[in-house]
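All remarks here apply to the structure that follows.
2 protein chains.
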Amino acid sequence: MKIGVIGAGAIGMFVSAKLSKSHDVTCYVRRDEQRLIINDEGIRLNDQTYRVASKLFDNLKNEDLLIICLKQTHLDSALKKLSENHPDTPMLFLQNGLSHIDKIKSLSQPILIGTCEHGVLRVSDYEVRHKGEGRIYLSAFEETTKELAKERISPIIDGDDFPVIFKDDLMSMLYEKLVINSVINPITALFQVENGKVLSNSHLKEIAYNLTVEGCEVLNLDENHMWKRVQQVAEHTSSNFSSMVYDIQKGNETEIESMNGYLLNISDQELPNHELIYHLIKAKEIM
Amino acid sequence: MKIGVIGAGAIGMFVSAKLSKSHDVTCYVRRDEQRLIINDEGIRLNDQTYRVASKLFDNLKNEDLLIICLKQTHLDSALKKLSENHPDTPMLFLQNGLSHIDKIKSLSQPILIGTCEHGVLRVSDYEVRHKGEGRIYLSAFEETTKELAKERISPIIDGDDFPVIFKDDLMSMLYEKLVINSVINPITALFQVENGKVLSNSHLKEIAYNLTVEGCEVLNLDENHMWKRVQQVAEHTSSNFSSMVYDIQKGNETEIESMNGYLLNISDQELPNHELIYHLIKAKEIM
Numbered sequence: 001m002k003i004g005v006i007g008a009g010a011i012g013m014f015v016s017a018k019l020s021k022s023h024d025v026t027c028y029v030r031r032d033e034q035r036l037i038i039n040d041e042g043i044r045l046n047d048q049t050y051r052v053a054s055k056l057f058d059n060l061k062n063e064d065l066l067i068i069c070l071k072q073t074h075l076d077s078a079l080k081k082l083s084e085n086h087p088d089t090p091m092l093f094l095q096n097g098l099s100h101i102d103k104i105k106s107l108s109q110p111i112l113i114g115t116c117e118h119g120v121l122r123v124s125d126y127e128v129r130h131k132g133e134g135r136i137y138l139s140a141f142e143e144t145t146k147e148l149a150k151e152r153i154s155p156i157i158d159g160d161d162f163p164v165i166f167k168d169d170l171m172s173m174l175y176e177k178l179v180i181n182s183v184i185n186p187i188t189a190l191f192q193v194e195n196g197k198v199l200s201n202s203h204l205k206e207i208a209y210n211l212t213v214e215g216c217e218v219l220n221l222d223e224n225h226m227w228k229r230v231q232q233v234a235e236h237t238s239s240n241f242s243s244m245v246y247d248i249q250k251g252n253e254t255e256i257e258s259m260n261g262y263l264l265n266i267s268d269q270e271l272p273n274h275e276l277i278y279h280l281i282k283a284k285e286i287m
Numbered sequence: 001m002k003i004g005v006i007g008a009g010a011i012g013m014f015v016s017a018k019l020s021k022s023h024d025v026t027c028y029v030r031r032d033e034q035r036l037i038i039n040d041e042g043i044r045l046n047d048q049t050y051r052v053a054s055k056l057f058d059n060l061k062n063e064d065l066l067i068i069c070l071k072q073t074h075l076d077s078a079l080k081k082l083s084e085n086h087p088d089t090p091m092l093f094l095q096n097g098l099s100h101i102d103k104i105k106s107l108s109q110p111i112l113i114g115t116c117e118h119g120v121l122r123v124s125d126y127e128v129r130h131k132g133e134g135r136i137y138l139s140a141f142e143e144t145t146k147e148l149a150k151e152r153i154s155p156i157i158d159g160d161d162f163p164v165i166f167k168d169d170l171m172s173m174l175y176e177k178l179v180i181n182s183v184i185n186p187i188t189a190l191f192q193v194e195n196g197k198v199l200s201n202s203h204l205k206e207i208a209y210n211l212t213v214e215g216c217e218v219l220n221l222d223e224n225h226m227w228k229r230v231q232q233v234a235e236h237t238s239s240n241f242s243s244m245v246y247d248i249q250k251g252n253e254t255e256i257e258s259m260n261g262y263l264l265n266i267s268d269q270e271l272p273n274h275e276l277i278y279h280l281i282k283a284k285e286i287m
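These protein sequence lines are chains A and B, in that order. FYI, in full-length UniProt numbering the residues of the first sequence are 1 to 287. FYI, in full-length UniProt numbering the residues of the second sequence are 1 to 287.
Structure follows, in structure tokens:
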């Protein structure tokens with residue numbers, strides 16, 4: 001299958017490399033510098049090289065599947081170009097949070113939604129390190145794309161060391177990921193520590209638990225189940241730094257608005273823990 | 001008056017220097033190195049030198065007044081020696097928080113309690129910089145020491161550029177200081193920023209307000225009044241770093257237990273903001 005991956009950050013490069021074993025992958029990037037080096041060197045993932053083509057996003061051509069690995073904060077500017085793409089080409093969106101859900105409704109193409117739990121570290125413009133085992137969960141965006149997601153896409157990109165799991169319930173899949181991110185990302189970003197510290201530092205663990213409970217109240221999820229899931233992801237990616245750690249380091253805008261900010265927006269009750277942690281990250285952003 | 005100041009941290013040195021203009025001050029310290037340099041150089045406060053004697057705390061002799069400027073975390077080990085001091089010598093305690101209140105009940109000497117709002121920066125073992133105008137509030141510990149506090153001590157150590165103000169209500173004086181400290185200290189310590197950032201960073205200001213409101217609920221203080229007081233102190237000491245900033249920097253135990261920890265202990269309701277900020281500082285302590 002011809003697969004176009006939009007965005008070559010940590011997740012984009014990781015997905016491109018993994019899929020390149022059985023598919024014809026083109027990685028669409030913004031900067032010519034990155035395009036050149038990926039074309040020259042391929043993508044290096046854990047000391048192995050994967051041959052992947054790279055093109056500028058402006059030159060997006062038709063593919064059998066597009067996987068959109070842009071961050072929420074970069075999605076807006078890409079939507080117009082995506083909307084102009086071939087009307088039959090399915091698009092799989094792999095974002096954190098839920099802010100994209102409303103935005104991509106306007107697209108006429110068949111839409112799939114996924115979440116990615118792998119811990120991946122971006123080393124350079126063409127190198128990534130897989131630091132935490134995870135899964136890609138995939139769901140249909142609407143009833144009309146269910147067969148596409150379940151029968152035609154999920155089994156094709158699924159692999160032994162790259163499990164893609166179809167989920168029937170889109171929202172609960174997104175909600176689970178949202179809670180996990182809204183706990184692990186801001187805590188690690190605040191202290192610039194790796195994900196494992198969320199469990200190994202007893203005070204951070206206490207905070208993580210309180211954030212989990214509050215998140216579950218808003219989204220009507222089971223606390224015990226979610227607290228297990230949060231711990232699971234923190235363990236599996238314990239030596240990895242969350243994307244928010246890097247955003248703070250680089251002075252980029254973080255995804256806090258689509259995570260804790262989203263929870264605060266949709267909640268009709270007070271969420272003091274999420275509110276405080278939200279303001280702490282926003283405070284750090286403008287320092 | 002012969003005044004002994006116990007502890008030569010920022011506040012101890014500042015108080016010693018200020019009082020040395022009209023009084024015979026001896027600064028009691030733990031380390032011989034600091035004793036020697038204060039005896040040789042005096043105390044330097046904002047480029048002026050104040051002649052102050054220094055002795056080791058173990059050699060505590062009788063004075064007309066003792067001012068105890070030790071931190072809460074260093075108070076326990078000094079209490080025995082203090083209890084053996086002359087039974088008539090009044091002691092003025094200048095600590096943050098309220099943890100000392102229970103401890104010093106065992107002393108038979110006349111006790112006064114004070115709070116210090118000056119922003120003072122310790123530069124070295126004998127140098128301090130006065131960075132924020134403030135006041136020393138002074139109160140009687142018990143009915144029996146009221147006349148002593150109001151008539152005999154407060155007017156004597158009061159000075160034009162060193163105002164000492166007698167307060168009738170001990171607990172409200174301590175409570176006000178506790179709220180101010182429990183807001184400004186942990187926020188500044190978390191980000192290692194000066195006090196002014198609590199107001200100039202809009203997100204930190206939001207957090208400060210929420211912490212103030214929660215603190216007032218526990219201690220039954222007026223929110224509007226306290227929010228004004230918090231802002232006042234943050235403004236007056238805007239270029240100063242709180243003691244907790246230095247404790248974190250030096251890897252010392254912070255006074256979080258006697259501040260936010262104290263509020264959490266005495267409250268019969270949830271204080272999510274103070275609880276989260278408490279755990280954030282404890283998390284930072286053990287990093």
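Ideal Cβ placement from N, Cα and C applies to all residues, glycine included.
Collapsing the DSSP output to three states places A:T212 in a helix. Cβ-Cβ distances below 7 Å link A:Y137 to G114, T115, I165, K167 and M173 in the same chain, with the five nearest sequence neighbours on each side left out; the list follows chain order. For the pair of segments examined, the region 227 to 241 of chain A was found to touch the region 174 to 181 of chain A: the number of CB pairs separated by less than 8 Å reaches three. In this structure, the alpha-carbon of A:N210 lies about 7 Å from that of A:N273. Every unbroken stretch of the alpha helix (DSSP H) spanning 4 or more residues and falling wholly within the region 150 to 203 of chain B is given here in chain order: 154 to 157, 170 to 191 and 197 to 200.
One Cα belongs to B:L65, the other to B:P90, and the distance between them is close to 5 Å. When DSSP states are grouped into helix, strand and coil, A:E127 belongs to the strand group.
With 16 or more neighbouring CB atoms inside 10 Å of its own CB, A:L70 falls in the buried class.
Around the beta carbon of B:L276, 16 or more other beta carbons lie within 10 angstroms, which makes this residue buried. At least one beta carbon of chain A lies nearer than 7 Å to the beta carbon of B:L276. The DSSP assignment places 48 to 50, 53 to 56 and 65 to 68 as complete runs of the beta strand (DSSP E) inside the region 46 to 71 of chain B, in order along the chain (cut-off: 3 residues).
Among the CB atoms of chain B, none fall inside 7 Å of the CB of A:E176.
In the pairwise beta carbon analysis, the region 30 to 39 of chain A is classified as touching the region 50 to 68 of chain A: at least three pairs are separated by under 8 Å. Residues Q34 and I37 of the same chain have their beta carbon placed closer than 6 Å to that of B:D125, with the five preceding and five following residues left out of the count. Taking 7 Å as the cut-off, the beta carbon of B:A53 is found no closer than this to the beta carbon of B:T73. Judged by DSSP secondary structure, A:M226 falls outside any beta strand (DSSP E) and instead within the alpha helix (DSSP H) spanning E223 to H236.
Between the region 128 to 137 of chain A and the region 231 to 240 of chain A there are three or more inter-stretch CB-CB distances shorter than 8 Å, so the stretches are counted as touching. Residue pairing by DSSP places B:R122 opposite B:V128 in a beta bridge. At a cut-off of 7 Å between beta-carbon atoms, A:P186 makes no contact with chain B. The beta carbon of A:L204 sits closer than 7 Å to some beta carbon of chain B. No residue range can be given for B:S20, since it is assigned to no alpha helix (DSSP H) and is classified by DSSP as neither H nor E.
Counted as a single uninterrupted DSSP element, the beta strand (DSSP E) harbouring B:A140 occupies residues I136 to A140.
In this structure B:G97 touches B:N181 by the C-beta definition: roughly 7 Å separates them, less than 8 Å.
Using a Cβ-Cβ cut-off of 7 Å, B:K282 is close to H203 of chain A, given in chain order. In summary, B:N195 is buried, with 16 or more beta-carbon neighbours lying within 10 Å of its beta-carbon over all protein chains present. Listed along the chain, the chain B residues whose CB falls inside 9 Å of the CB of A:I286 are N201, S202 and H203. At a cut-off of 7 Å between beta carbons, B:I248 makes no contact with chain A.
When beta bridges are read from the DSSP output, B:T144 appears opposite no residue. Judged by DSSP secondary structure, B:I104 falls outside any beta strand (DSSP E); it is assigned neither H nor E.
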